[in-house]
Structures are given as structure tokens and as C-alpha cells.
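Structure record follows, encoded as C-alpha cells.
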Amino acid sequence: MVQTKTKNKSYTYFQALQHLSEDKLHLVYLFYGEEVYLQEELIDRASEKLIDTATRDFNFDQFYAGEVDAQIVIDAAKSYPMVAERRLVIVKEIQRFKPSAMKLIEEYVAKPSPSTCLILSAPVKDLSGKSYKIVKSKACNVNCRPFYSNETISWIKNYINTKKLDIEIQACNALYEIVGNSLFDLVNEIEKIVINIYPRQKITAEDVQQTSSMLRQHSVFDLCDAVGEKKMKKSLSILNNLIDRGERATGIVIQLNRHWINMLKLIEMKGLKRLSTAELQAVTRLHPFFLAKIQMQTNNFTAEQIRQGFSKLAEADLHLKTSYQPPKLVLELLIYHLINK
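With the sequence shown counted from 1, adding 5 to any position gets you the working numbering.
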């Protein structure tokens with residue numbers, strides 16, 4: 006496979022998918038934009054194209070900016086591949102790099118190793134700063150923006166087809182109206198619908214409507230995500246919904262505690278560059294789409310803040326079991342402390 010020096014090339018997500026199936030790949034890529042699902046899919050495609058599973062441990066490195074020294078990234082990118090033609094180095098969340106670190110990345114991108122493919126990613130709409138602009142001018146850029154409505158509906162149909170299933174266009178439209186264009190959320194809801202219609206292989210508008218009542222009702226998992234995203238107003242709204250429906254307060258604390266455990270595991274494993282998605286799944290026992298969501302949420306907390314959260318969870322559990330405080334008040338105070346840590 007031939008890799009070519011990048012000449013300020015820009016792709017849409019769909020063009021990038023086609024490009025990654027070809028033989029001539031670039032030496033440096035920059036994936037940016039708010040739709041992280043698309044970035045992860047492109048990274049997976051590049052990994053499948055460039056890296057043989059038999060030599061993955063020797064020729065694949067993944068880092069998170071803010072958790073690694075930029076010089077370590079450069080050293081990895083300059084290393085020669087072992088028993089293979091190429092190496093793949095991935096650096097996620099590069100918006101967290103300090104200017105001095107980005108300066109090193111800028112210098113590498115100006116003269117990249119001919120045997121390494123470097124992929125930089127950032128879950129932001131755009132990157133500002135001199136070094137970011139220079140890197141963007143020299144890398145192959147892919148804007149992973151959220152899909153427009155027509156693109157989302159087309160994506161829903163294609164995603165369903167990859168599962169050897171079919172879906173009516175009316176069902177695609179209904180699913181978009183209910184869920185919106187967040188691909189992680191769509192995948193989550195599609196998985197629920199697929200389970201509900203089994204063993205049938207075609208999703209109808211009626212199937213979506215029947216599931217929609219469940220989709221509109223918040224779950225404890227929605228609360229965990231809202232707290233992990235540090236969205237106070239949304240968290241309290243979901244909490245009120247759960248309490249009004251009779252959800253047990255102690256059960257909510259238990260699920261938040263599990264969520265906190267998974268976040269701590271992922272934060273502590275960020276420094277272990279060789280862990281694949283499959284290995285992270287084995288540790289957390291999470292579906293890959295839930296895993297990606299929680300990985301994003303870990304950016305909002307430090308390991309110490311998560312550890313402090315465990316004491317608040319224990320306090321709330323004790324109050325619920327021994328005090329006369331209203332459960333709703335106990336949980337509201339818990340959420341306040343978890344988000345504002």
C-alpha cells in the first residue's frame with residue numbers, strides 16, 4: 006500500500022469513507038467536528054486498512070492529548086514499523102494540547118515519517134490557534150459535522166441494511182423525528198427496536214411508533230449520561246421524570262455508582278495507549294456505543310473528582326436508608342455535588 010504526502014486535501018465524511026478504501030492513503034489526517042461517531046468510524050476503517058491484527062501490538066499506538074507528552078507521540082510516529090510496511094498512530098482530543106505541544110505536532114506534520122499514518126482527531130467544530138491552522142493546512146482534513154436531516158435519514162437506512170435488515174422510509178422519518186440526528190442516540194434506539202421486532206427483519210413505522218413511548222420516557226441511563234455530561238438542568242428534569250414514575254431512589258444511586266466506576270476505569274486506562282476498543286469493552290463490559298459515550302464524559306472530570314464523587318454517592322445511599330430527608334431532595338443534592346465537583 007502506498008502512502009502519499011498530504012497536500013492540503015479536504016474531504017467530506019462520505020468522500021473520506023471512499024478514500025479509505027483506496028490504496029493511496031495520506032501520511033497525516035485531521036478528523037474534526039462535533040459528530041464523534043463519524044470520527045470513530047473513520048478511525049476504525051483506517052485501522053482495518055492499515056494494520057494487520059498479527060502485528061498490531063508493534064505498529065499501533067493510540068494517545069489522548071492532555072494525558073500524554075507530545076514528544077512521546079512524535080517518537081511513536083517516527084518509529085519504524087516491525088514486520089510490516091506501516092505504522093498507525095492516533096491522537097484523540099488534540100484540542101487539549103497546550104501550544105508548546107501543538108508546536109511539536111506542527112513540526113512533525115511538516116516532515117512526516119513516510120512509513121507512518123498519523124491521525125489527529127478533535128470533537129470540536131473548528132480549531133483555532135497558529136499551530137492548529139498550520140497542521141490543518143498540511144493534513145488531510147475531514148469535517149465530521151452533524152448530518153443534515155436528509156443525510157440522517159439516508160444514514161439510518163444504510164445502517165439498518167448493514168445489519169441485514171430492512172426499514173420503511175416512513176419508519177426512517179419517524180425515527181429521525183423522535184430521536185434527532187445524534188448518531189450515538191440513533192444507534193442506541195435502533196438496537197432497542199431490533200430487539201423488539203425479532204425475529205422479523207423489516208422495521209415499519211408502526212414498530213417505531215410502538216417503541217416511541219419508551220423512547221420518550223427517560224431512563225436511569227439517561228440520567229447517568231446527563232450527569233456525566235455535566236448538564237444540571239437536564240439531569241434534574243430527568244430525575245423529576247424518574248421520581249414521578251416511581252423509580253426507586255436507591256436504585257438510581259446504585260446505577261450512578263456503576264456509571265462512576267466505569268468512568269474511573271476509563272480515566273485510569275487513558276494512559277494505556279495500546280488498549281483497543283475490544284479490550285476496553287472486556288474491562289467495562291459495555292456495548293461499544295455506550296463505551297464511546299462514557300469516554301467522552303470522562304473529559305469533564307479528573308480521576309480525583311470521580312473518587313470524591315464516590316463519597317457523595319455513599320452519603321446519599323446512607324441518607325436514603327437512615328434519614329427522614331425526602332428522597333428527591335437527597336438525589337437533587339447528590340446530582341448537584343457530582344456535577345459541581
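The beta carbon of each residue, even a glycine, is placed where N, CA and C say it ideally should be.
query	result
With K83 and S118 assumed to form a contact (beta carbons below 8 angstroms), what rounded beta-carbon distance in angstroms separates them?	5 angstroms
Starting from C177, follow the alpha helix (DSSP H) in both directions and report where the run begins and ends.	174-184
According to DSSP, F65 sits in a beta bridge with which residue or residues?	L93
What's the call for R250, buried or exposed, on a 16-neighbour Cβ count within 10 Å?	exposed
Excluding five sequence neighbours on each side, which residues of the same chain lie with their C-beta closer than 6 angstroms to the C-beta of D227?	I243
From the DSSP output, read off the bridge partner residues of D171.	K207
Touching or not, the segment 253-263 and the segment 314-330, by the rule of three or more beta carbon pairs under 8 angstroms?	yes
Between the Cα of C229 and the Cα atoms of A210, R205, G256, which residue gives the shortest distance?	G256
Beta carbon of K130, beta carbon of G38: below 9 angstroms?	yes
Please find out if some non-hydrogen atom of the ligand GDP comes closer than 8 angstroms to the beta-carbon of N246.	You won't find the ligand GDP in this model; it holds no ligand whatsoever.
May I ask which residues mark the beginning and end of the alpha helix (DSSP H) holding C229?	225-233
Could you spell out the range, first to last residue, of the beta strand (DSSP E) harbouring V33?	33-37
Using a Cβ cut-off of 9 angstroms (strictly closer), state whether I266 contacts chain C.	Within the model displayed, chain C is absent; a lone protein chain is all it includes.
Go to N305, then tell me how far its beta strand (DSSP E) extends in each direction, as first and last residue.	Careful: N305 lies outside any beta strand (DSSP E) and carries neither H nor E.
In whole angstroms, what is the alpha-carbon distance linking I56 and K236?	38 angstroms
Can you tell me the Cα-Cα spacing of V96 and F65, whole angstroms?	11 angstroms
Would you say L35 and N146 are within 9 angstroms of each other, going by their C-beta atoms?	yes
Does the segment 208-217 come into contact with the segment 163-180, if we say contact requires no fewer than three beta-carbon pairs (one atom in each stretch) closer than 8 angstroms?	yes
Count the CB pairs spanning the segment 152-167 and the segment 191-203 that are closer than 8 angstroms, and state whether there are at least three.	yes
Return the CA-CA distance between T307 and M268, expressed in angstroms with no decimal places.	10 angstroms
What are the start and end residues of the beta strand (DSSP E) that includes N146?	145-148
Going by DSSP in three states, S136 sits in which element: helix, strand or coil?	helix
Tell me which same chain residues have a C-beta within less than 7 angstroms of the C-beta of V7, skipping the five on either side of it?	No answer about V7 holds up, because its pLDDT of 48 lies below 50 and its placement is not dependable.
Would I79 and I124 qualify as a contact pair, given that the criterion is a beta-carbon distance under 9 angstroms?	no
Using the C-alpha atoms, what's the distance from I266 back to R253?	20 angstroms
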